[in-house]
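*Asks:* Each residue of the sequence shown is one higher than the last, beginning at 417 in the working numbering.
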Amino acid sequence: MCVIETSPVVETRRLTLRAPGAQDASRIAAMANDADVARMTLRMPHPYRIDDAEAFVLQVASQDPRKAVAFVIEHEDLGPVGVIGLFETEDMAPEAGYWIGRQFWGRGFATEALQGALVWAGKRWKRRAMMAGHFIDNPASGRVLEKAGFLYTGETRPAFSLARGEQAEVRRMVWLA
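1) Leaving out five residues on either side along the sequence, give the residues of the same chain with a beta carbon under 6 Å from the beta carbon of W536.
2) What residue range does the alpha helix (DSSP H) around G532 cover?
3) Using CA atoms only, rank isn't needed, just tell me which of K483, Q519, F520 and W521 is closest to F503.
4) Look at V453 and R518 and say whether their C-beta atoms are less than 9 Å apart.
5) Among F520, V473, T457 and D467, which residue has its Cα nearest to the Cα of E582?
6) Please work out which residues of its chain come closer than 7 Å, Cβ to Cβ, to P463, disregarding the five sequence neighbours upstream and downstream, and give them in chain order.
7) Where D553 and R587 are concerned, what is the direct C-alpha to C-alpha distance, given to the nearest angstrom?
8) Is E562 helix, strand or coil by DSSP?
9) What's the C-alpha gap between A593 and A446?
10) Could you tell me how far apart the beta carbons of V473 and F487 are, in whole angstroms, since I believe they sit closer than 8 Å?
11) Would T572 be called buried (16 or more neighbouring beta carbons within 10 Å of its own) or exposed?
12) Pull up the distance between the alpha-carbon of D440 and that of E585, whole angstroms please.
13) Helix, strand or coil for A454? Go by DSSP, reduced to three states.
14) Kindly indicate which residue of G549, V485, P574 and L494 has the alpha-carbon position closest to the one of L567.
15) Are H491 and R434 touching if we call contact CB-CB under 9 Å?
16) So the candidates are T432, K563 and F576; which of them puts its Cα closest to the Cα of D493?
17) Using the C-alpha atoms, what's the distance from T569 back to F551?
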């Protein structure tokens, strides 16, 4: 019998991945309301307001934990630094997506959080593969994915970015356990 965790917690060397709560909404909104952060995501609007963060927290609380999980990425000294999620899509394997607040870029938090989330997905979801992608104008995200063990599939596909208000090309990647 598989036990479904509704609010899993993942610990890494410097980070804790945990369910977002109402107390996180203002910090999420402050970090996400940055055009350069939002435009590198598919689903995040810009501007990103407190109402958007509160709706995100409620949406995460109501999602089916067998098909989707989202974590606040919390640094031991800095508090929340971003968000990471794993979710079912039309692809054969679930997808990973993440963002980090601009003031925390370049510190390895995305890679560390992604590695922790992949270990969790392997143990709890019994996943042996995960998909991800990055916009072609965001090579830094590609480097994060590569450091976490993702490989390029050779596929590029258009995807609509809410913050950009238009389609942008996404390079697809896969992680295999």
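Each residue gets a CB set at the ideal place from its N, CA and C atoms; glycine is no exception.
*Replies:* Concretely, from the data shown:
1) V426
2) F525 to R540
3) K483
4) yes
5) T457
6) N449
7) 10 Å
8) helix
9) 35 Å
10) No, V473 and F487 are not in contact; Cβ-Cβ is about 12 Å, not under 8 Å.
11) exposed
12) 31 Å
13) helix
14) G549
15) no
16) T432
17) 14 Å
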